[in-house]
Amino acid sequence: TTLAPGIHRGLAGVVVDATGISTVIQESNSLTYRGYPVQDLAARRSFEEVAYLLWHGELPDPAQLADFRSRERALRPLDRTTAEVLARLPETCHPMDVLRTAVSFFGAEDPTEEDGSPAAHRTKSLNLLAKLPTVVAADQRRRRGLPPVPPDPALGYAENFFHMCFGAVPDPEVVRCFEISLVLYAEHGFNASTFTARVVTSTLSDLYSAVTAAIGALKGPLHGGANEAVMHMLTEIGDPARAPEWLAAALAEKRKIMGFGHRVYKDGDSRVPIMQHALDSLVARGAHPETARLAALHAALREAMLDHKGIHPNLDYPAGLAYHLMGFDTPVFTPLFVMSRITGWTAHITEQLAHNALIRPLASYTGPGQRAVPAVTG
Ligand code: SDX
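Add 1 to a position in the sequence shown, counting from 1, and you land on the number used in the UniProt record's numbering.
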């Protein structure tokens with residue numbers, strides 16, 4: 002359909018509200034969270050500190066961090082009812098469906114669900130931050146036929162997640178790579194899932210409804226689902242030497258190449274160099290038997306995409322392979338994105354409420370003109 006002038010499909014380029022949470026500084030192409038460059042946060046701060054920063058607007062001092070950490074650790078365990086509800090989901094359903102169900106269930110059993118005060122939001126947000134990893138880890142083990150490993154309050158957020166997934170904490174360098182991915186995935190302005198959370202919040206609905214909706218939006222392969230799709234694509238291609246021909250055929254079929262392109266970044270996603278560097282350190286460890294082949298394929302496809310289309314990779318491209326090398330099952334990759342983005346989503350939910358305006362755009366009508374309803378015959 003030819004569009005009337007003034008229509009911005011996909012809201013491309015449309016500024017719909019103000020935010021103080023993050024921005025991409027165009028001149029330096031660098032993403033900042035509350036003014037701090039994300040590459041510095043990823044290099045020097047823990048994911049817990051970045052979560053605190055996104056929620057409170059400032060980095061925590063040592064006392065604030067100690068209090069935040071102890072409250073987060075205490076909230077990790079799932080109650081028996083939740084564990085039973087999630088254990089009844091079919092093992093064939095997608096892990097994003099498990100997360101969506103878990104958040105919806107947390108809301109259903111929260112007697113303060115309708116309380117939208119900043120203090121109530123902070124309590125709910127911290128509870129989700131603490132519990133989502135326990136849900137994701139238990140689900141990955143369930144699909145492997147293994148019993149859940151309870152959270153360990155003596156471990157930090159990232160270490161504890163590996164402990165719950167694999168019953169062990171890997172080398173600190175591997176944990177650090179994971180933590181870097183969490184910092185990079187945490188927040189990114191009005192992306193589709195965050196905007197979804199803001200739309201739901203703008204009607205004064207509750208935080209769990211907004212997060213459940215955001216999980217639904219993130220699941221799609223044009224958005225968060227891309228990191229899982231990257232791994233499926235690398236598996237499909239297999240041989241690094243096949244990358245150029247595979248890409249030419251895929252582009253000829255007008256396929257979207259997962260992990261490439263971005264609505265906002267047209268000269269490369271500012272987060273990619275940091276995640277690529279973390280991926281390179283995992284590759285150098287050679288932890289995975291096919292590591293060298295996958296790294297060569299990953300590089301070959303990136304070069305071919307740049308040569309063919311001049312399109313740069315986005316964060317999902319290095320993150321997908323990195324998660325594979327860390328030992329996570331492919332369908333869990335987007336749930337890892339949720340574990341991080343719950344911080345950005347909930348910061349935006351609180352910000353939307355602070356100066357709310359119902360989000361309700363217009364449409365240009367292209368249907369039939371007004372006409373009379375024919376009399377019923379016979
Ligand atoms: C995330 O918004 C965010 O910030 C999201 C995110 C976050 O942190 O929240 O950064 C996370 O979602 C990253 C994106 C993950 N998605 C993918 O990797 C899926 C593959 N990417 C494409 O679908 C696409 O690049 C989008 C959806 C990400 C962006 O698409 P746009 O801005 O709508 O651009 P477009 O689809 O209009 O593409 C412009 C042109 C088109 O060519 P023409 O039709 O004009 O000839 O570039 C082509 C597209 O075909 N193109 C691609 C491509 N990306 C763009 N062609 C092949 N493969 C691609 N990946």
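Where is the CB? At the ideal position from N, CA and C, for every residue including glycine. All values reported here derive from a predicted model rather than from experimental measurement.
| Check | Outcome |
| --- | --- |
| Span of the alpha helix (DSSP H) around Ser23 | First-last for Ser23: Ser23 to Ile26, but that is the beta strand (DSSP E), not the alpha helix (DSSP H). |
| Coil, strand or helix - Ser31 by DSSP | strand |
| Nearest neighbour of Thr236, chosen from His325, Asn192, Met306 and Asp281 [CA to CA] | His325 |
| Inter-residue Cα distance where the pair is residue 1 and Gly157 | What the structure shows of the chain is the stretch from 2 to 379, and residue 1 is not part of that stretch, so it cannot be assessed. |
| Residues near Phe69 in its chain [Cβ-Cβ closer than 7 Å; skip 5 each side] | Glu49, Tyr53 and Pro61 |
| Reduced DSSP category for Phe329 - H, G, I as helix; E, B as strand; rest coil | coil |
| Reduced DSSP category for Tyr266 - H, G, I as helix; E, B as strand; rest coil | coil |
| Nearest candidate by alpha-carbon position, reference Met327, set Arg45, Pro171, Gly190 and His263 | Pro171 |
| Asn192 CB to nearest heavy atom of the ligand SDX below 7 Å | yes |
| Where Tyr53 sits in the DSSP three-state scheme | helix |
| Reduced DSSP secondary structure (H/G/I, E/B, other) of Phe191 | coil |
| Segments of 4+ residues assigned as alpha helix (DSSP H) that fall wholly inside the region 211–249 | 227–238 |
| Beta-bridge partners of Pro38, as assigned by DSSP | Thr33 |
| Burial state of Ala75 (16 or more Cβ within 10 Å) | exposed |
| Opposing strand residues paired with Pro112 [DSSP bridges] | Per DSSP, none; premise fails for Pro112. |
| Rounded straight-line distance, which links the Cα of Met259 to that of Gly368 | 35 Å |
| 7 Å Cβ shell around Ala211 - same chain, five flanking residues per side excluded | Ala198, Val201, Thr202 and Ile350 |
| Cut-off 6 Å between Cβ atoms - residues of its own chain near Pro154, not counting five sequence neighbours on either side | Arg74 |
| Spatial distance of Leu100 from Ala293 (CA atoms) | 33 Å |
| Spatial distance of Asp240 from Ala131 (CA atoms) | 40 Å |
| Distance between Tyr34 and Phe106 (C-alpha atoms, nearest Å) | 30 Å |
| beta-carbon Val265 near the ligand SDX non-hydrogen atom, thresh 7 Å | yes |
| Nearest-angstrom Cα separation, counted from Arg243 out to Ala301 | 9 Å |
| Whole alpha helix (DSSP H) elements within the region 311–378, 4-residue minimum | 317–326 and 334–355 |
| In DSSP terms, what Phe261 is bridged to | Pro314 |
| Outcome for Thr344 when other beta-carbon atoms lying within 10 angstroms are tallied against a minimum of 16 | buried |
| Straight-line gap, Ala370 to Val104 (C-alpha atoms, nearest Å) | The sequence shown places Gly at residue 370, not Ala. Between Gly370 and Val104, the C-alpha separation is close to 44 Å. |
| Any non-hydrogen atom of the ligand SDX closer than 7 Å to Ala227 Cβ | yes |
| Asp317: CB within 7 Å of a non-hydrogen atom of the ligand FAD | Because the ligand FAD does not appear in the structure shown, any question about it cannot be addressed here, the ligands present being the ligand SDX. |
| Exposure of Ser341, with buried meaning 16 or more beta-carbon neighbours within 10 Å | buried |
| Contact set for Asp270: own chain, Cβ-Cβ below 8 Å, skip 5 residues either direction | His263, His313, Pro314, Asn315 and Leu316 |
| CA-to-CA distance, Leu223 to residue 380, given in whole angstroms | Outside the displayed span of the chain (2 to 379) sits residue 380, for which this structure offers no information. |
| Ala5 versus Leu307, Gly287 and Ser365, residue with shortest Cα-Cα distance | Ser365 |
| Residues of its chain near Met97, where Cβ-Cβ distance is below 7 Å and the 5 sequence neighbours each way are ignored | Ile216, Lys220, Thr335 and Pro336 |
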